[in-house]
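K.L.:
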Amino acid sequence: MKAKELVGVYDADGGLLGEAAYVWGRLRGTRHCSLCDITHSPLRRKPSWDDLVARLPVPFTLLHLNEMPADVAAVIRTAGAPAVLVRTEADLTTLLDAADLEHLAGDVQRFEQLLRSRLASL
Numbered sequence: 001m002k003a004k005e006l007v008g009v010y011d012a013d014g015g016l017l018g019e020a021a022y023v024w025g026r027l028r029g030t031r032h033c034s035l036c037d038i039t040h041s042p043l044r045r046k047p048s049w050d051d052l053v054a055r056l057p058v059p060f061t062l063l064h065l066n067e068m069p070a071d072v073a074a075v076i077r078t079a080g081a082p083a084v085l086v087r088t089e090a091d092l093t094t095l096l097d098a099a100d101l102e103h104l105a106g107d108v109q110r111f112e113q114l115l116r117s118r119l120a121s122l
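In full-length UniProt numbering, the protein residues as written are 1 to 122.
Pasting the structure below:
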């Protein structure tokens, strides 16, 4: 199977209220999203993330929980968030789950290595 698209789903809602709720929860220690740690520094998106996305052979879409289309939401209901999904001609499945992302500890380079390894095994 060949990947056509990668979809990353944050464990957070988007929009002004969603972002504010996540930041507040993060400061209080009640919210955590390991995909957020990979893609963002405390203040903005990591330049190393943008560089990675530019090098990937397929598009990488990032979504918040309140932005998911039905097919993505169906996979996330089972897999949980955060996660990285892969869309092939046949289906949409989990490529990296929350445990995989947590293990990377926010490191974009390690994320890229694991991502490419999993893509190669499709």
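Each residue gets a CB set at the ideal place from its N, CA and C atoms; glycine is no exception.
Assess, as a yes-or-no matter, whether the segment 1 to 8 is touched by the segment 76 to 91 under the definition of 3 or more beta carbon pairs within less than 8 Å.
P.N.:
yes
K.L.:
If we ignore side chains and look at the alpha-carbon of each, how far apart do Ile76 and Thr93 end up?
P.N.:
Reading the sequence shown from its first residue, position 76 is the one you call residue 76. Reading the sequence shown from its first residue, position 93 is the one you call residue 93. Those two C-alpha atoms are separated by around 9 Å.
K.L.:
At what residues does the alpha helix (DSSP H) containing Arg110 begin and finish?
P.N.:
Locating residue 110 in the sequence shown gives position 110, where the first residue counts as 1. For Arg110, the enclosing alpha helix (DSSP H) has its first and last residue at Val108 to Ala120.
K.L.:
Tell me whether Arg44 sits in a helix, a strand or coil according to DSSP, three-state version.
P.N.:
Your numbering for residue 44 matches position 44 in the sequence shown. Residue state, collapsed to three classes: coil.
K.L.:
When burial is assigned at 16 or more other CB atoms within 10 Å of the CB, is Pro82 buried or exposed?
P.N.:
Taking the sequence shown and counting its residues from 1, one reaches residue 82 at position 82. With 16 or more other Cβ atoms within 10 Å, it is buried.
K.L.:
Which residue or residues does DSSP assign as beta-bridge partners of Gly80?
P.N.:
By 1-based counting over the sequence shown, the position of residue 80 is 80. According to DSSP, which records beta bridges pairwise, Gly80 is partnered with nothing at all.
K.L.:
As a quick exercise: from His64, Arg116, Arg118 and Gln109, pick the residue whose alpha carbon is nearest that of Cys36.
P.N.:
The count along the sequence shown starts at 1 and reaches residue 36 at position 36. From the listed residues His64, Arg116, Arg118 and Gln109, the smallest Cα separation to Cys36 is found for His64.
K.L.:
Where Leu122 and Val58 are concerned, what is the direct C-alpha to C-alpha distance, given to the nearest angstrom?
P.N.:
Position 122 of the sequence shown holds residue 122. Position 58 of the sequence shown holds residue 58. Cα-Cα distance, rounded: 14 Å.
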